[in-house]
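Data first, discussion second: the structure below is written as structure tokens.
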Amino acid sequence: MRAAAVTRFVDIATFFRKRFRLKDSSRPGEIQEIRNRFRCRFLRHARLPSPLQPCSTSTSALMHGRSRDMLFGGTAGKHRRPSDPTYGRNAQPSKSFLSDHLAHAFKGAPRRVECRKSFSARYRKGILGRTGGMNIQELAATLKLSVSTVSKALNNREDVSPETRKRVLEAAERHGFSPDPAARRLRRQSADTIAFVVSPPQTSFAHPFFLDMLMGVNDAMDNSGFQVIVASARSVETEIDVFKRLIERQRVDALLFGRTRRQDERIAYLLERDIPFVAFGRSETSDAYPYVDIDHHVVGRAGCARFIALGHRRIALVHAPEYLMFSHLEHQGYAEALRAAKIRFDKSLCVEAAISEEGGADAARRLLALPDPPTAIVCGHDLIALGVLRGIAETGRVPGRDVGVIGGDNHPIGRYVQPALTTFSAETHRAGKRMAEMLLARLAGTPPQELQEVWAPELIIRASDGPHRVPDASGADNKAVSPKRSRAVQA
Numbered sequence: 077m078r079a080a081a082v083t084r085f086v087d088i089a090t091f092f093r094k095r096f097r098l099k100d101s102s103r104p105g106e107i108q109e110i111r112n113r114f115r116c117r118f119l120r121h122a123r124l125p126s127p128l129q130p131c132s133t134s135t136s137a138l139m140h141g142r143s144r145d146m147l148f149g150g151t152a153g154k155h156r157r158p159s160d161p162t163y164g165r166n167a168q169p170s171k172s173f174l175s176d177h178l179a180h181a182f183k184g185a186p187r188r189v190e191c192r193k194s195f196s197a198r199y200r201k202g203i204l205g206r207t208g209g210m211n212i213q214e215l216a217a218t219l220k221l222s223v224s225t226v227s228k229a230l231n232n233r234e235d236v237s238p239e240t241r242k243r244v245l246e247a248a249e250r251h252g253f254s255p256d257p258a259a260r261r262l263r264r265q266s267a268d269t270i271a272f273v274v275s276p277p278q279t280s281f282a283h284p285f286f287l288d289m290l291m292g293v294n295d296a297m298d299n300s301g302f303q304v305i306v307a308s309a310r311s312v313e314t315e316i317d318v319f320k321r322l323i324e325r326q327r328v329d330a331l332l333f334g335r336t337r338r339q340d341e342r343i344a345y346l347l348e349r350d351i352p353f354v355a356f357g358r359s360e361t362s363d364a365y366p367y368v369d370i371d372h373h374v375v376g377r378a379g380c381a382r383f384i385a386l387g388h389r390r391i392a393l394v395h396a397p398e399y400l401m402f403s404h405l406e407h408q409g410y411a412e413a414l415r416a417a418k419i420r421f422d423k424s425l426c427v428e429a430a431i432s433e434e435g436g437a438d439a440a441r442r443l444l445a446l447p448d449p450p451t452a453i454v455c456g457h458d459l460i461a462l463g464v465l466r467g468i469a470e471t472g473r474v475p476g477r478d479v480g481v482i483g484g485d486n487h488p489i490g491r492y493v494q495p496a497l498t499t500f501s502a503e504t505h506r507a508g509k510r511m512a513e514m515l516l517a518r519l520a521g522t523p524p525q526e527l528q529e530v531w532a533p534e535l536i537i538r539a540s541d542g543p544h545r546v547p548d549a550s551g552a553d554n555k556a557v558s559p560k561r562s563r564a565v566q567a
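For the sequence shown, the numbering used here assigns the number 77 to the initial residue and increments by one for each residue that follows.
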């Protein structure tokens, strides 16, 4: 029986040698190679059945080399060691994973067992890099070039002459060949993927800020070879976990994100792990990273200065949460404009609000309920400003006439409300495109200090920033004279 089992091993080894083009060597060596490739060392202790019958053996059991009993059925010999002379005697398998493999192979059906070693080897050799029935070896043989030369030409390497590159590309197009993306990613240890992370406190994909920026990113990435995925977090506290999952599971090569914070653990984490990224905004955490920023210090300073020039002295600031860097910069600019005009800073006129219409409306109600309410309000965000307009109207006042309002980032709906919202420009589409271009440059090795840009926004004057009105002796309002608008954008 032992001789019969060995004979069958030799027959199977001959088949596998032909089927998988194993190297020519002695038969014991071939048998060992088969065992290694399919992780089936338990065959030394089990006999093969005589008939070639189909098998329903679990693929996962074969892949992970589980116990002999799971593969051959039954519990015989379960508690005995392989060195035991009685080991395997009572195990009479009615099915065999090898016979199943042979039967399916002869029928031309796909193999259900794939050795991890041979699978990765096939990728490394480029066997799966085919679309029109030709792999890279066959393409190289057709051109009478080495496989490495063809590979370099397909990857636009500089050490290949233009004539050879052109010849290879033309042949690849003629034969319908293109390198398999999965094989290429495996070979380069790269995911060819960039993540665009939608950052709290705004997590809605429908917001124009993120949509415009994402469209800009997409425009820049069209011909880069990278795909862009979008990820989001439900809260500030859990966002760092999203970053860790993306990086530690090797799902992305680089990241883009916005709404930087004064103390930003995302930036600290990415710098520590040396992960390429570009942020929309600056941070106090570090300045050693690439960024594009629209300067909200200008929004706070120029917005407040605009109202001062219109005659207002009670000027409020409704800003986004203070932990956001752009909000902190607005606050600094606002205070700077008051100091320049020698107007006392009143802390009660600075109100933090959620970035939403409801947040702005609630802030307006609180400000207008003060004993000495403001006559003008600078808003750090247009969604906040739209809520402020509603809150002013709810108190019986007329927005733009009784209380002036200036927004911060040119929301598309701002021009259609009544009164039309005066605000500042925010080129988010251009910013997204520039961020993507910076990321590609960073991946190519450009130092981060050369990839830092701060853009100054422009004031867009509409109708909501009316001049201060003071009642005369008869109770009528006298309208102040509007200042010149030579440096502002009229819209």
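All C-beta atoms, glycine included, are put in the ideal place defined by N, C-alpha and C.
As the structure is a prediction and not an experimental result, all values here were calculated from the model.
When the Cβ atoms of the region 269 to 277 are set against those of the region 310 to 330, are three or more pairs found closer than 8 Å?
Flag = yes, the region 269 to 277 and the region 310 to 330 touch.
Alpha carbon of PRO475 to alpha carbon of ILE316, nearest angstrom
Each residue's alpha carbon lies about 41 Å from the other.
If distances are taken between C-alpha atoms only, which option among LEU425, ALA413 and LEU386 comes closest to ARG545?
The residue with the shortest Cα to Cα distance from ARG545 is LEU386.
Beta strand (DSSP E) runs wholly inside the region 340 to 378, at least 3 long, in chain order:
Counting only runs of 3 or more, we get 353 to 356 and 367 to 370.
Beta strand (DSSP E) runs wholly inside the region 403 to 469, at least 3 long, in chain order:
Segments of the beta strand (DSSP E) lying fully in the region 403 to 469: 426 to 428 and 452 to 455.
Can you tell which of PRO352, LEU446 and ASN486 has its C-alpha closest to the C-alpha of LEU462?
The option with the nearest alpha carbon to LEU462 is ASN486.
What does DSSP give as the partner residues of THR498 in its beta bridges?
Bridge partners of THR498: ILE482.
For a quick check, are the C-beta atoms of PRO450 and LEU425 less than 8 Å apart?
Annotated as proximal: PRO450 and LEU425, with beta-carbon spacing under 8 Å.
Give me the Cα-Cα distance between ARG389 and PRO495, rounded to the nearest whole angstrom.
Each residue's alpha carbon lies about 22 Å from the other.
Check whether HIS372 and GLY252 have beta carbons under 8 Å apart
Not closer than 8 Å, so no.
According to DSSP, is PHE302 helix, strand or coil?
Note: PHE302 maps to coil in three-state DSSP.
Rounded to the nearest angstrom, how far is the Cβ of THR225 from that of THR240, given a contact under 8 Å?
In this structure, THR225 and THR240 form a Cβ contact; the two beta carbons are roughly 7 Å apart against a cut-off of 8 Å.
Residue from ARG473, GLU433, ARG491 and SER222 whose Cα sits closest to the Cα of ALA452
The shortest C-alpha separation from ALA452 is found at ARG473.
Leaving aside the five residues before and after GLY292 along the sequence, list all residues of the same chain whose C-beta is less than 8 Å from its C-beta, in chain order.
Closer than 8 Å at the Cβ level, and outside the excluded window around GLY292, lie THR504, HIS505, ARG506, ALA507, GLY508, LYS509, ARG510, MET511 and ALA512.
Apart from the five residues just before and just after ALA378, which ones in its own chain have a Cβ nearer than 7 Å to its Cβ?
Counting only residues of its own chain and dropping the five nearest sequence neighbours on each side, ALA378 has a CB closer than 7 Å to the CB of LEU535.
Inter-residue CB distance, ASP458 and GLY490 (contact presumed, cutoff 8 Å)
The Cβ separation is near 5 Å, so the contact holds.
I need the DSSP call for ARG545, collapsed to helix, strand or coil.
Residue state, collapsed to three classes: strand.
Between the Cα of VAL493 and the Cα atoms of VAL481, SER501 and ALA502, which residue gives the shortest distance?
Ranking the options by Cα distance to VAL493, first place goes to VAL481.
Along the beta strand (DSSP E) that carries VAL530, what are the first and last residues, could you check?
Counting along the chain, the beta strand (DSSP E) containing VAL530 begins and ends at 528 to 531.
Please report the distance separating the alpha-carbon of SER194 from that of ILE323.
Its pLDDT being 42, under 50, SER194 is placed unreliably by the model, and the measurement read from it follows with that caveat. Computed Cα separation, rounded: 28 Å.
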